[in-house]
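Participant: Handing you a structure now.
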Amino acid sequence: MISSALNSWFVANARDLPWRRDGFGAWGILVSEFMLQQTPVNRVIPRLEEWLTRWPTPASLAAVPPSEAVRAWSSLGYPRRALWLHAAAVQITQLHDGVVPSDLNDLLALTGIGDYTARAVAAFAYGHRHPVVDTNTRRVIARAIAGVGEPSPPSRGRDLDAMGALLPQSAQEAALFNAAIMELGAVVCTSRRPHCAVCPIRDDCAWRAADYPEYTGTRKTVQKKFAGSDRQVRGLIMAELRSTHRSVTDADIATLWSDAAQLRRALASLVADGLAIPADDGYTLPT
DNA sequence: AAACCGTGGTT
DNA sequence: TAACCAAGGTT
1 MISSALNSWF VANARDLPWR RDGFGAWGIL VSEFMLQQTP VNRVIPRLEE
51 WLTRWPTPAS LAAVPPSEAV RAWSSLGYPR RALWLHAAAV QITQLHDGVV
101 PSDLNDLLAL TGIGDYTARA VAAFAYGHRH PVVDTNTRRV IARAIAGVGE
151 PSPPSRGRDL DAMGALLPQS AQEAALFNAA IMELGAVVCT SRRPHCAVCP
201 IRDDCAWRAA DYPEYTGTRK TVQKKFAGSD RQVRGLIMAE LRSTHRSVTD
251 ADIATLWSDA AQLRRALASL VADGLAIPAD DGYTLPT
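Residue numbering for the first sequence follows my numbering, starting at 1 and increasing by one per position.
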C-alpha cells in the first residue's frame, strides 16, 4: 500500500509552502495553481503573496482591468495565464457570487482551468475525493507501479484510472495522497537524478525491482529552442508593454528586435491573444 | 493531437 | 554550453 507509506512520509516531510498553510482558502489555492502551471515553486511564492495581498478575493481582482493582472504577473511567464486568471475571477464573481466553485464541471468551465487545476482545487481547497494527476504524479506512477523510467505521453483516461486505483477511500486520506505523490515526484522521484536512497517507497518500487531499466517508449516532444524564437520576441514586447502606462509605439517596438518580419508576427499574435491592444499611437495592455 | 505559449535555474 | 525541465491549457 504505497498510499499509507507516502502519506506518513508526507506528513513528516512536506515542504512548508504557502498554499499548504491552514485556512489558506480556495481563492489562494486557485491563484497558486494558475501560477504553478509550468512555473517553478520558488519563482511563484513571492508573486503569489503580492497578488493575494492586493486581491484577497475574486471580486477584488475582477474589479480592476486585466492590464493590472498582467503587470502583477510580472515575469512569471506565459502571460496569457494572467489574462485567464482575471477572466476566471470575473466569471466567479458573476456566476458564483464571488465564491470559488467546488464542483469539477463548474471549475472546468472557468477560463484557463483544465483537468489538473480543476481537480487540484476541488481536492486541496475543498477536500473532495478526486484523482489529481500532474507531471510529478505521472512520473512516480510510471516508475513505482509500471516499472519504467519515464511516463508515456499523457492520456487523460489512463492517467486518471491509474491514480484512481491508488487513491485511498476516505476523502481526507485521498486529498493527502494526491499532495504526497506530487511532493515525492517534486523532491525525491525527480526527472533527472531521482534520490532513490531516501525514497519512502523504494522497497515497493517496480522500477528499482527491475534494476532501473532504460526508458524505451515514446519520448516527449522536445521543447523548441527559446533563443531567437517567436516566444522570446513576444516576451520582449510584453516586457515593454508592462514597463509603462502609456502606449508603446511602433518605433519603440522596432528597437526590441532586429528582424522586422518576426517582430510583426509576434505582435500580431499578441493582439490575437488579447495581450496587446492597438491604440491610436501604438499598443497598450488590455484595459 | 501536435504545436504553441515565457522565463530562468540546473546539469 | 546547449539541452533539459518546470503543480498545464488551449487550439
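Cβ atoms here follow ideal geometry from the backbone N, Cα and C, with glycine treated the same way. Computed from a predicted model, the values in this text were never measured in an experiment.
State yes or no: is the C-beta of G149 within less than 9 Å of the C-beta of E49?
Facilitator: no
Participant: With a cut-off of 8 Å on the beta carbons, I'd call I29 and P58 a contact; round off their distance for me.
Facilitator: Contact doesn't hold; Cβ gap of about 12 Å is too wide.
Participant: May I ask which residues mark the beginning and end of the alpha helix (DSSP H) holding T93?
Facilitator: 80 to 95
Participant: Can you look up V233 in the DSSP assignment and give me helix, strand or coil?
Facilitator: helix
Participant: At what residues does the beta strand (DSSP E) containing T284 begin and finish?
Facilitator: 282 to 284
Participant: How is A186 classed by DSSP in three states: helix, strand or coil?
Facilitator: helix
Participant: So, for A174: in the same chain, excluding its five sequence neighbours on each side, which residues have a beta-carbon less than 6 Å away from its beta-carbon?
Facilitator: R129, L167, P168
Participant: Is DSSP giving I277 helix, strand or coil here?
Facilitator: strand
Participant: Tell me which same chain residues have a C-beta within less than 8 Å of the C-beta of S269, skipping the five on either side of it?
Facilitator: D230, R234
Participant: Quick check: the Cα distance between Q232 and L267, rounded to an integer number of angstroms?
Facilitator: 12 Å
Participant: Closest by CA to W51, which one among A72, F34, P40, A63?
Facilitator: Cα-wise, what sits closest to W51 is A72.
Participant: Taking three-plus beta-carbon pairs below 8 Å as touching, is the segment 29 to 41 in contact with the segment 187 to 206?
Facilitator: No, they do not touch.
Participant: Nearest-angstrom Cα distance between N105 and V44?
Facilitator: 27 Å
Participant: Decide if L95 is buried, meaning its Cβ has at least 16 other Cβ atoms within 10 Å, or exposed.
Facilitator: exposed
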